[in-house]
Structures are given as C-alpha cells and as structure tokens.
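Visitor: Here the protein sequences come in this chain order: G and H. All letters in the first sequence, in the order written, are residues 281 to 398 by our numbering. All letters in the second sequence, in the order written, are residues 0 to 474 by our numbering. C-beta: ideal position from N, C-alpha, C; glycine also.
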Amino acid sequence: MNYAHLLSELTVFVLAVFVGVEVISKVPPTLHTPLMSATNAIHGIVLVGALLIAVVAEPRLGPALSILAVFLASLNVFGGYVVTQRMLAMFRPRPQSANRSGPARDDLTIRLTDDWKP
Amino acid sequence: MDATAESVTQLLIDLAYIVTGVCFIVGLRLMNSPLTARRGNTVSIAGMAIALIATGFKLDFAASWWIGAIGLGAGAAVGIYFARAVKMTAMPQMVAIFNGCGGGAAAMVASAEYLRLDPAHSAVPLDLAIASVLTAIIGMISFSGSIVAFLKLQEVMTGRPIVYPAQQVVNGLLLAIAIAGLVCVVVGYMPVAAFFTSLVAASLLGVLFVLPIGGADMPVIISLLNSFTGLAAALTGFALSNDVLIIAGALVGASGTLLTLMMGKAMNRSVANVLFGAFGAVKSSGSGGASTVAADATVRESSVDDVANMLANAHQVVVVPGYGMAVAQAQHSVRELADELEKRGVEVKYAIHPVAGRMPGHMNVLLAEANVPYPALIDMEDINPEFPQTSVALVIGANDVTNPDARTNQSSPIYGMPILDVDKAEHVVVLKRSMKPGFAGIDNPLYALDNTSMLFGDAKASVDKLVGAVKALDQ
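#1: For Leu355/G, return the contacting residues in chain H, with the cut-off set at a CB-CB distance below 7 angstroms.
#2: Could you give the distance in angstroms between the alpha-carbon of Val299/G and the alpha-carbon of Thr319/G?
#3: At a Cβ threshold of 7 angstroms, is Ala284/G touching chain H?
#4: Leaving out five residues on either side along the sequence, give the residues of the same chain with a beta carbon under 7 angstroms from the beta carbon of Glu112/H.
#5: Under the DSSP definition of a beta bridge, which residues are partnered with Gln315/H?
#6: Does any residue of chain G have a CB that is nearer than 7 angstroms to the CB of Gly288/H?
#7: Are the CB atoms of His361/H and Thr399/G within a distance shorter than 7 angstroms?
#8: Would Gly285/H pass as an interface residue toward chain G - the criterion being a Cβ-Cβ separation below 7 angstroms?
#9: Less than 7 angstroms between CB atoms is the rule here; does Pro93/H satisfy it with respect to chain G?
#10: Does the beta-carbon distance from Val147/H to Glu339/H come in below 7 angstroms?
#11: Using DSSP with H/G/I as helix, E/B as strand and the rest coil, what is Leu454/H?
#12: Under the three-state reduction of DSSP, which class applies to Ile418/H: helix, strand or coil?
#13: What's the C-alpha gap between Met367/G and Pro190/H?
#14: Any beta carbon from chain B within less than 7 angstroms of Gly342/G's own beta carbon?
#15: For His426/H, which three-state DSSP category applies?
#16: When you compare each of Leu203/H, Leu173/H, Ile24/H and Asp404/H to Ser254/H by their alpha carbons, which one comes out closest?
#17: Work out the CA separation of Ile377/H and Pro373/G for me, nearest whole Å.
#18: Could you check if Gly138/H is buried or exposed, using at least 16 other CB atoms within 10 Å of its CB as the buried criterion?
#19: Could you check how far apart the C-beta atoms of Tyr373/H and Asn383/H are, in whole angstroms? I think they sit under 8 angstroms.
#20: What is the residue span of the beta strand (DSSP E) that Leu393/H lies within?
#21: Under 6 angstroms Cβ to Cβ from Ile96/H, same chain only, skipping five residues before and after it: list those, please.
#22: Please list, in chain order, the chain H residues whose beta carbon lies closer than 8 angstroms to that of Leu348/G.
#23: Rounded to whole angstroms, how far is the Cβ of Gly321/H from the Cβ of His323/G, which I believe are closer than 8 angstroms?
#24: By Cβ distance below 7 angstroms, which residues in the same chain neighbour Val357/G in space, the five residues on each side in sequence not counted?
#25: Compare the C-beta of Ala294/H with all C-beta atoms of chain G and state if any pair is closer than 7 angstroms.
#26: For Leu14/H, is the classification buried or exposed, using 16 other Cβ atoms within 10 angstroms of its Cβ as the cut-off for buried?
#27: Can you check whether the CB of Ser143/H is closer than 7 angstroms to the CB of Ser222/H?
#28: Comparing the C-beta of Leu287/G with each C-beta of chain H, is any distance below 7 angstroms?
#29: Using 8 angstroms for Cβ pairs, my map puts Arg334/H next to Val371/H. What's the rounded Cβ distance?
#30: Kindly list the residues whose CB is nearer than 6 angstroms to the CB of Met416/H, restricted to its own chain and excluding five residues on each side of it in sequence; keep chain order.
#31: Using the C-alpha atoms, what's the distance from Leu173/H back to Ala200/H?
#32: Show which residues of chain G have a CB atom less than 7 angstroms away from the CB atom of Ile246/H.
#33: Using a Cβ-Cβ distance under 7 angstroms, would Leu376/H count as near chain G?
#34: Identify the contact partners of Glu476/H in chain G, using a Cβ-Cβ distance below 9 angstroms as the criterion.
#35: Using 10 angstroms around the beta-carbon of Leu348/G, count the other beta-carbons present and answer buried if the total reaches 16, otherwise exposed.
#36: Any idea what DSSP makes of Ala376/H, helix, strand or coil?
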C-alpha cells in the first residue's frame, strides 16, 4: 500500500468537496433542478472508469457485462447532459414574443439553439 | 511506442483530466445565475468530452476496443433518445433513472477492478480493497434505490410510504451484512464471496430504504441518491487511482449532500427523520393534529365565474403551485391565465416553496417550460411578507406547504415546517381535485377559513375554465 499516493488522492478529494460546497451554495433555488441534473451528468464521469475496465486485453467481467457497464455509464452521461440542456433552454428572463409562445411550446422538440439573449 | 513517448502520452492524458476537473468546477460555478447556466452546462460537456478523448488515447486501440464502442454507442443513443422524448413533468423520474445508471456502472467498475487484482490468490492492497467494496456498496444502494424511486415517481408502484413491521431492523441487518462483507474483504477471509455478499446486501438495502419514503419526501431522497452516486464515482477514482473521477465525484457528492440538507431544513425535519421516521409513524399521531378543524367546519365552494371576477379585479395575484399542478400538467394553462390577468393590469407572481413537487426546484422547471419568466418565481422567504398585500392567493394543487397548522398547532405532525402564508392574503382560492387530505394525511384548516373558497376539479380543467371566464368578462 502506497501511503503517499493515497494521501495525495485524499487531499484532492477533500479539496474538491470544499470547492463543491462553495460553488453549489451559490446556486439559486430556481436552478436546483437543472443543478441536480447537471451534477447527475457529471458523475457519469464513471464512464471513464467503465471504459478503462472494459477495454483491456481480457475484461474481467466478460464482454457482456463490460458492455453493460459502459452502456449504463454513457446513458448517465448523454441522457443527463441532454436533459439538463433541455431544462436550461427554458429559463427566460422575460416573456417571449407572442409568436414564440402558445401551443407551439407543447411539442417535445428540444431547442438547443440560443434563441434568447439576456 | 518507446518508453519516453509513452510517459509523455501519459502526462498529456493526466493533464487533460485536470482540464476536465476545471471544466466541471467552472461549469457548476456558472450555474449561479440563469443567465449563464447554459454556458455552464456547455463547459461541463466540453470537460466530459476532453476526459473521454483522453481516455481513448489511454486505451490506444486495445484489442477489445469494440466493447467500449458498442456500450458507448448504445448508451448514447438510448440516453439521448429518452432525454429528448421525456415530458418535462416526468423530469424527476428521468433524473432518478440516470442517477441509478451511474451508481450501477460504478458498482460494476469496482467489481471488475477488484476481480482484476485477483483477491482469491494474492493480497490486494488495503486501500484498493476498501475503495472497491465501498464503491460496490454505495453504488448498488444508489442503483436499486434509484430504480424504486423511479417506479414510485412513474407511478408504476404506489407513491405512498410502504411500511411493514421491523423495517428498521431488517435495514439494520442488511447494513450489518454489507459491513461484515467489507471486514471480511479487509482481513482476507473468503474475499470474493464476501465482496459479492456485500453487493447483494447493498442492493436489497437500496430497495428497502426507499420503499417507505412517500412522494412528498422525494426531493430529499432524490438529492441523497445523487450524492451517493457522486460518492461512488469518487471511490471508483480511489480504486482506479484516477484523479478526475475523485474530483468529479467529490463535487457531485458535496452538491447532493448540500441539497439534501437544504430540503430537510425546508421541511423542518432532520434527514434521519425523513429516512427512518417514515410518515407512517407520524401519521398515527396525526389524528391529534386534525382536531383544529372543527367537525362542523364547512368549506365554501365557489364558482368559476366568481373566482374569475375576483382574479380580474385583483391588484396582485400570487399563484401557489404544488405537485397537483404537475400531475394535471396545468402549467401552460396557468401561464395563459396569468397572461390574461396581466393584460388587465393585475400583477401576477408565483410563490415557490422549496419542497413543492418531487425534486428540488421542480416547480421552477415546470413554469419555465410554460414560458413563465424566472424573475416572477419568488422564493418562500421573499413572498411571505407580500401575502398581506395580496388580493388573491391562488393555490393550485399544493396542500401541506400551505397548512397554517404548521405555524400554530403544536400537535400537528408538520408543526414547525416553514409554510407559505397564503391564509394572510385577502382571499384564498384553492384549486383541488377533492377534499381528500394531502400527502401527510392531515386536514388543512386553511380550507375552512372565512377568506378561503374552493374550486373542485382537475387543476388543468379548472384553470382552463378560469381563462375562458376571464376572457368572457371583456364581452
């Protein structure tokens, strides 16, 4: 067991926790749902781990389970980010002009274009 | 590749991971304002892309690259498809299921890494062993717990608390088994069997600890599960000696924990009380709380036209949305009603209780979907002083967060929970499906007040009728 290595990892972990608390506590309640969704996508970073254990000469979980691990993690990443983007696209500082509002908003198309300016 | 080139590549990959960590932090930092939040998410996506590309170089087209390609391609396709197709009202369960996927993946990665270290035949370094087992335990709790949360929110199973005798004893036993497994792994006694025993116990525990959580407590549990998956990702980082996983996981863990505590505070309940108290226990004492509504108290039912008149002649209307609005998908109709009223010079605001809905900030997203500008959405502390100057408080599918018993009746199960002081408005109009009590199973004396009138029916249908009636006033 390599103590120096473990200690440096623990240092990174502890500092990141403090950065996280500091940054998150400044997010207004209005954005708490997108925030949850965004952090949800961020922990999809476990995809990196999934790829590392899957794409080795002889995957320990066997090909099927390795594919499943990568599948679950990338579901987390891609789904999470698209959902977050969709939510954030809806937040507007003032009402939209009439031609944009109304029933057209009921459809499920996502609007990834920057259609408003603050 | 010669040795030098290899170490340079490794260095570049590690640097790329640091850039990813910075992107995640900056991305979250930009979420401190709705104006910059989208840019924040884009920065975060860029960080993730950098990490994935760097990982691609690290793998350097190993023989089984196709395993990664298939998993990644399928996951991306399915994830993007569902993320696009899901309705905004189904957001909480969508977040729950994606969260569970992350937890499950972390548990699988940890298992694979542990097996790779060949614990049956050689001594595994203690730190890696502990990190692997803990990842597997926390990841599995998050995985199975999120699936139960998803099923509850999707209403595949009942959203009410499911309670049975000796619930806490069973949960305690499962936790003890998981920890015993951890100890066996550490001391090296039948490590592989112990590892998987922990894994199974943890997945059962995940199911059983979410079962007794009722719908109204979902904001707490969803953020808690989010923080679990974050922690699992960080622990995976320890197991794989990968700093980017540690940083990202720690950020998410901190965020989820913070939100969990905030939600608990907003309900004036400790997180432990939410998790283990179940409302089942509270409910039995709830009969005492209901007593403030005199048996002969009558509620006044109002007509659509009366309410429309009242709204149209108001100077300020405060809309109080709750989960009922989400269920009825009434947010677009509500916006339409607000537009009509604003045309007549009525000031319309929205009062947002921190735990209204099924996840933190749930109402804000729904109203944003309906094009309500976010400056009109006002937090509890800021809107409460305004109720005495408000002509009409329009309560749409919210119940417990408006119950004045929380302020005054010490025997009420929700006594002490901060509420929206709608009863202080000149008039209160409550849109409600029926007189059925809210989630907590307690009566709301608000409904019997002199200045309260009720409008029964589906929230969307009622609001649509109100829109029609307000429009008809012109003619």
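Guide: Looking at the atomic coordinates:
#1: On the first sequence, position 75 is the one that residue 355/G refers to. Within chain H, the residues near Leu355/G are Gly74, Val77, Gly78, Phe97 and Cys100.
#2: Numbered from its first residue, the first sequence carries residue 299/G at position 19. Numbered from its first residue, the first sequence carries residue 319/G at position 39. Looking at the two C-alpha atoms, the distance is approximately 14 angstroms.
#3: Locating residue 284/G in the first sequence gives position 4, counting from the first residue. Cβ-Cβ to chain H under 7 angstroms: no for Ala284/G.
#4: If you number the second sequence from 1, residue 112/H lands on position 113. Excluding positions up to five away in sequence, the list reads Ser131, Ala238 and Leu239.
#5: Here the question's residue 315/H lines up with position 316 in the second sequence. In the DSSP output, where bridge partners are listed per residue, Gln315/H has Glu346/H.
#6: Counted from its first residue, the second sequence places residue 288/H at position 289. Interpretation of Gly288/H is limited by its pLDDT of 38, a score under 50 that renders its predicted location unreliable; no figure is taken from the coordinates.
#7: This structure does not reach residue 399/G, given that chain G is present from 281 up to 398, and the question cannot be answered.
#8: For this step, residue 285/H is matched to residue 286 along the second sequence. Residue placement at Gly285/H is poorly supported in this model, since its pLDDT is 36, which falls under 50; the coordinates are not used for a value here.
#9: Within the second sequence, the letter at position 94 stands for residue 93/H. The amino acid at residue 93/H is misidentified as Pro; the sequence shows Met. It does; some Cβ of chain G falls within 7 angstroms.
#10: Taking the first residue of the second sequence as position 1, residue 147/H is located at position 148. Taking the first residue of the second sequence as position 1, residue 339/H is located at position 340. Going by C-beta atoms, Val147/H is not nearer than 7 angstroms to Glu339/H.
#11: As a first step, residue 454/H is located in the second sequence; it is residue number 455 there, counting from the start. The DSSP-derived three-state label of Leu454/H is strand.
#12: For the purposes of this step, residue 418/H is taken as the residue at position 419 of the second sequence. For Ile418/H, the secondary structure class from DSSP, reduced to helix, strand or coil, is coil.
#13: In the first sequence, residue 367/G corresponds to position 87, counting from 1. In the second sequence, residue 190/H corresponds to position 191, counting from 1. Going by C-alpha positions, Met367/G is about 45 angstroms away from Pro190/H.
#14: Judged by its chain identifiers, the structure shown contains no chain B, and its protein chains are G and H.
#15: Here residue 426/H refers to the residue found at position 427 of the second sequence. Strand at His426/H.
#16: Taking the first residue of the second sequence as position 1, residue 254/H is located at position 255. The shortest Cα separation from Ser254/H among Leu203/H, Leu173/H, Ile24/H and Asp404/H belongs to Ile24/H.
#17: If you number the first sequence from 1, residue 373/G lands on position 93. If you number the second sequence from 1, residue 377/H lands on position 378. The alpha-carbon atoms of Pro373/G and Ile377/H are separated by roughly 13 angstroms.
#18: Numbered from its first residue, the second sequence carries residue 138/H at position 139. Buried: at least 16 other Cβ atoms inside 10 Å.
#19: Reading the second sequence from its first residue, position 374 is the one you call residue 373/H. Reading the second sequence from its first residue, position 384 is the one you call residue 383/H. At roughly 19 angstroms, the Cβ-Cβ gap does not stay under 8 angstroms, so Tyr373/H and Asn383/H are not in contact.
#20: Here residue 393/H corresponds to residue number 394 of the second sequence, with the count starting at 1. According to the DSSP assignment, Leu393/H belongs to the beta strand (DSSP E) that extends over Val391 to Ile395.
#21: Mapped onto the second sequence, residue 96/H falls at position 97. Correct list, in chain order: Phe149.
#22: By 1-based counting over the first sequence, the position of residue 348/G is 68. The answer, in chain order, is Gly70 and Met107.
#23: Here residue 321/H refers to the residue found at position 322 of the second sequence. Here residue 323/G refers to the residue found at position 43 of the first sequence. That pair is no contact at about 30 angstroms.
#24: For this step, residue 357/G is matched to residue 77 along the first sequence. Apart from sequence neighbours up to five positions away, the residues of its chain that approach Val357/G with a beta-carbon distance below 7 angstroms are Ala321, Gly324 and Leu327, ordered along the chain.
#25: Counted from its first residue, the second sequence places residue 294/H at position 295. Confidence is the limiting factor: at Ala294/H the pLDDT is only 45, short of 50, which leaves the residue's position unreliable and the question unanswerable from this model.
#26: Position 15 of the second sequence, counted from the first residue, corresponds to residue 14/H. Exposed.
#27: Taking the second sequence and counting its residues from 1, one reaches residue 222/H at position 223. Taking the second sequence and counting its residues from 1, one reaches residue 143/H at position 144. For Ser222/H and Ser143/H, no; Cβs fall outside 7 angstroms.
#28: The residue labelled residue 287/G in the question sits at position 7 within the first sequence. For Leu287/G, no Cβ of chain H is located within less than 7 angstroms of the residue's own Cβ.
#29: Within the second sequence, numbered from 1, the residue matching residue 334/H stands at position 335. Within the second sequence, numbered from 1, the residue matching residue 371/H stands at position 372. Indeed, because the Cβ distance is near 5 angstroms, the residues count as touching under 8 angstroms.
#30: Taking the first residue of the second sequence as position 1, residue 416/H is located at position 417. Excluding residues within five positions, the ones whose Cβ falls inside 6 angstroms are Met266, Asn267 and Ala405.
#31: Residue numbering aside, residue 200/H sits at position 201 when the second sequence is read from its first letter. Residue numbering aside, residue 173/H sits at position 174 when the second sequence is read from its first letter. The straight-line gap from Cα to Cα measures roughly 5 angstroms.
#32: Here residue 246/H refers to the residue found at position 247 when the second sequence is read from its first residue. From the beta-carbon of Ile246/H, the residues of chain G found nearer than 7 angstroms are Val292 and Ala296.
#33: What you label residue 376/H is simply residue 377 of the second sequence in a count that begins at 1. The beta carbon of Leu376/H sits closer than 7 angstroms to some beta carbon of chain G.
#34: With chain H covering 0 to 474 only, the question about residue 476/H has no answer from this structure.
#35: Position 68 of the first sequence, counted from the first residue, corresponds to residue 348/G. Under the 10 Å beta carbon count, Leu348/G is surrounded by 16 or more other beta carbons and is classified as buried.
#36: Residue 376/H sits at position 377 when you count from the first residue of the second sequence. Reading the sequence as shown, one finds Leu at residue 376/H and not Ala. Under the three-state reduction of DSSP, Leu376/H is assigned to strand.
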